[in-house]
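Presented below is the structure to which this report refers.
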Amino acid sequence: MTSRYFSRGFSRKRALAGAALGVLAHGGIAVAADLPVKARLAPAYDWSGFYLGAHVGYGGAQIGANSNPLPSQGVFLPPTATGLIGGYQGGYNWQLNNNLVLGVEVDATFISPADTARIGNDPYHTTFDYFATARGRVGYAMGTWLPYATAGFAWGKTKLNVLDADGNIFSTDQKDHVGWTVGAGVETAVGGNWTAKVEYNYIDLSRQTYGLAGFGLPAVEVDPKIHTVKLGMNYRFNDLPSWMPATPIARQPTDWNVHVQTTLIGSGYPSFRSPYEGANSLSGSKQFRETFTTTAFLGWRLWDGGEFYFNPELAQGFGFNGTLGVAGFPNGEAQKAGGAYPKIRPQRYMFRQTFGLGGEQEDVPDAPNQIAGKRDIDRITLTVGRFSVGDFFDGNAYAKDPRADFMNWAMWASAAYDFPADLPGFTRGGVLELNRKDWAVRAGVFQVPSQPNSDILTFKSGGAVVEFEERHQVFDRPGKVRVGAFINRGNTGSYRGALAIAATDPLLEINDVMASIRRPRDKYGFYLNGEQEIADEIGLFGRASWNDGQNEILSFTDIDRSISGGLSIKGGRWGRAADTIGIGGAINGLSAAHRDFLAAGGNGLLIGDGRLNYGTERILETFYAYSIDKNFTFTADYQLIVNPAYNADRGPVSIFTGRLHGEF
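In the working numbering, each residue's number is its place in the sequence shown (first place is 1) plus 299.
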């Protein structure tokens, strides 16, 4: 949810590229010593073998003269029928006669979400779900460079939505297309087992007809012709390249890094007591849902202290009921922008400048969005771009990352902090931090959504937060305390205002009234966040948060008061040092105005049963994270939610979850 929603904490593992380089560092020196001097001066690169990878790029398409293609986000480039694209690829190469390389490759490409600000008033529109290819490749190896041509079979799926007068979808149809593709590219080795490529493809798919006579509309001819430019990275599963320099230091990149995460979560619950349900209710019938994300973390050191990071992410799947029905939602990866097919978003693109103030330095390990090196402990850091507010604020060593530890929204975040975000949980803005050895202070300003639950971020208003972090030792055990204060100004309605107007006419629908009175209003509050190691591999954490509760929640979830805490235990005590056990709980509440609005039939961002027998929402979560190997962890998680959506007439509900997480 992002995670965000996405609060992105990550264990500081070395990437696969770094691991491969480390292996070479131990074994490569002896091998190189046995080679003739001439071979070391003119090393060869063998392109043979299997590889897997991912790509990101930009595309454009003609779908048909009367197809009304839905504009997809292009980020810095104009929206098109495909916009930003991304996906996965895998293949095999055979290198023949030193230079000729033959290969086969299969890929799948997904498009970006719709550019909602540019959608017109057409009675229908078309879009792609995905397109894919299976191709042959012919290349000519020039050492660590491989220019190539490619051609083969292509297929894809389009979708046509028919809209009502209010622009809501009331009918959907899908068609499969087959065709062919041709293209060219160049690939190069960049270190360890990693290669990078740039590739152009033209894809010609077969024509399909959507019949709309039942809606009083003419038939729609969809005839996709697609152009794409893709940047990709591949990990090659062959022996380590012999061309790498013999010096171990030379094998470790110092000015860039690449990391990848992938997380698959499946959650379900049995039937529970549900005497009535509203538009945003958690269904009382048993349910199972899954979410899947893959994120690339690309970093470049531009100059001393200057860094740029780019994190494209593919996300697919839904939370329960389309991420509705519980304020403390049980899956931190569930996005309000979920979909049946993956969508790609550039979740982060940010520039960071660090100004060292001299004195003692500290080591910076290689990690996602962190390039290895050294930095002054006393420093000022400025970050601008797109990111999650949780990347910088409300951190916690034991409860921060729904991909690795607690999954409930009220456990990994200060739940009453309505942090500015679009539907996946990200915003644009700037953060300034002053760091000292025993404390830090940081402040940020951000864009907010154009209205509650909007995917459009606006410059017309904004949000701000200031946080103070104190670091201490208790009986030589480290701990931290963070205190934050926040204010958002967004286009929201007043709970009391909507209730007063609805009381004047019983025919008025309170949610329509709320929408009609939205204007720029403020929401403010605070949070307190603590963590403390109490023994080797055992830590406690806790959070408390509050907001004024007078106006609509803008971005996060329907919580005005929250307290949470728990215990995290590493597995070294039973010989499983990489395993983790967690147990914690949260209690969420609403302001009086907010609960009266819901009781009158109002809907929040995630909740709304049509009426309300109010009770605090209480959550218990426990998990065991089992380390399969250095890259993969499987987590079994259980949550008990009492009074879901603050309704004592419903529940409790038991939620069982399995999570598979990989880091590379």
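Just so it is clear, CB atoms sit at the ideal spot from N, CA and C, and this is done for glycine as well.
Option in the options with minimal Cα separation from residue i
| i | options | result |
| --- | --- | --- |
| Asn428 | Ala742, Gly604, Thr408 | Just to set this straight, residue 428 is Asp in the shown sequence, not Asn. The option with the nearest alpha carbon to Asp428 is Thr408. |
| Ser573 | Glu836, Ser582, Gly385, Tyr350 | Ser582 |
| Asn579 | Gln394, Ile906, Arg781 | Ile906 |
| Phe767 | Leu681, Thr680, Thr553, Leu827 | Leu827 |
| Leu731 | Leu722, Pro723, Ala742, Ala814 | Ala742 |
| Phe619 | Leu853, Pro701, Lys585, Asn537 | Lys585 |
| Ile410 | Pro523, Tyr640, Glu589, Asn467 | Tyr640 |
| Val1012 | Thr415, Ala413, Gly390 | Because the chain is modelled from 300 through 963, residue 1012 falls outside the range shown and cannot be assessed. |
| Asp554 | Gly598, Val780, Ala899, Ser753 | Gly598 |
| Tyr387 | Gly631, Met532, Leu511 | Met532 |
| Ala464 | Gly419, Gly604, Arg685, Thr932 | Gly419 |
| Pro446 | Gly482, Ala413, Gly455 | Gly482 |
| Gly865 | Gly874, Gln831, Gln372, Asp878 | Gln831 |
| Lys822 | Asn734, Asp811, Trp845, Asn902 | Trp845 |
| Gly824 | Arg795, Asn787, Gly841 | Asn787 |
| Asn367 | His424, Ala924, Asp717, Gly672 | His424 |
| Glu612 | Thr682, Leu601, Glu606, Phe591 | Phe591 |
| Ala712 | Pro777, Ala698, Thr508 | Ala698 |
| Phe963 | Phe955, Ala944, Phe931 | Phe931 |
| Arg781 | Asp775, Arg770, Gly789, Phe774 | Arg770 |
Boundaries of the alpha helix (DSSP H) in which residue i is found, first to last residue
| i | result |
| --- | --- |
| Tyr640 | Per DSSP, Tyr640 belongs to no alpha helix (DSSP H); it is in the beta strand (DSSP E), 638 to 655. |
| Phe896 | 891 to 898 |
| Val812 | 809 to 815 |
| Trp346 | It is not in any alpha helix (DSSP H) - Trp346 carries neither H nor E in the DSSP assignment. |
| Ala709 | 708 to 711 |
Per-residue burial, residue i [other beta carbons within 10 Å of its own, 16 or more giving buried]
| i | result |
| --- | --- |
| Ser570 | exposed |
| Asn492 | buried |
| Ala633 | buried |
| Tyr439 | exposed |
| Arg818 | exposed |
| Gly724 | buried |
| Phe855 | buried |
| Lys496 | buried |
| Asn396 | exposed |
| Ile833 | exposed |
| Phe349 | exposed |
| Leu323 | Because the pLDDT of Leu323 is 33, which lies under 50, any placement of that residue in the model is unreliable, and the number read from its coordinates should be weighed accordingly. The residue in question, Leu323, is buried, as its Cβ has 16 or more Cβ neighbours within 10 Å. |
| Ala802 | exposed |
| Ile701 | As written in the sequence, residue 701 is Pro, which differs from the Ile given in the question. The residue is buried, with at least 16 neighbouring Cβ atoms inside 10 Å. |
| Arg434 | buried |
| Val625 | buried |
| Asp857 | buried |
| Asn815 | Note that residue 815 corresponds to Ser in the displayed sequence, not to Asn. Ser815 is exposed by the Cβ-count criterion. |
| Lys642 | buried |
| Ala947 | exposed |
Beta-carbon contacts of residue i that lie in its chain and below 6 Å, excluding the five residues immediately before and after
| i | result |
| --- | --- |
| Glu851 | Pro751, Thr791, Gly792 |
| Gly888 | Arg860, Thr915 |
| Phe596 | His558, Asn610, Pro667, Asn668 |
| Glu836 | Lys869, Gly871 |
| Thr561 | Thr593, Gly961 |
| Ser505 | His476, Val477, Gly478 |
| Ile800 | Val812 |
Run of the beta strand (DSSP E) containing residue i, from where it starts to where it stops
| i | result |
| --- | --- |
| Ile800 | Premise fails: Ile800 lies in the alpha helix (DSSP H), 794 to 801, not in any beta strand (DSSP E). |
| Val747 | 738 to 748 |
| Ser566 | 555 to 568 |
| Asp421 | No beta strand (DSSP E) holds Asp421; DSSP gives it neither H nor E. |
| Ala666 | From DSSP, Ala666 is part of no beta strand (DSSP E); its letter is neither H nor E. |
| Phe617 | No beta strand (DSSP E) contains Phe617, which DSSP labels as neither H nor E. |
| Ala843 | 837 to 846 |
| Gly689 | Here Gly689 belongs to no beta strand (DSSP E), and DSSP marks it neither H nor E. |
| Tyr534 | 524 to 535 |
| Ala483 | 468 to 490 |
| Leu999 | Because residue 999 is not part of the residues shown, which for the chain are 300 to 963, the question remains open. |
| Glu632 | Run containing Glu632: none; DSSP gives neither H nor E here. |
| Pro819 | 818 to 834 |
| Arg674 | 672 to 675 |
| Ser760 | 756 to 773 |
| Lys869 | 860 to 870 |
| Asn695 | Note, Asn695: premise wrong, no beta strand (DSSP E); not H, not E. |
| Arg600 | 586 to 602 |
Residues near residue i by beta carbon distance below 8 Å, same chain, minus five either side
| i | result |
| --- | --- |
| Asn942 | Gly914, Thr915, Glu916, Arg917, Arg949, Gly950, Pro951 |
| Ser470 | Asn460, Val461, Phe514 |
| Asp677 | Gly655, Leu656, Gly657, Gly658, Glu659, Asn734, Arg735, Lys736 |
Cβ-based neighbour list, residue i, same chain, cut-off 7 Å, excluding 5 preceding and 5 following
| i | result |
| --- | --- |
| Ala876 | Lys869, Gly870 |
| Ala935 | Phe922, Tyr923, Gly957 |
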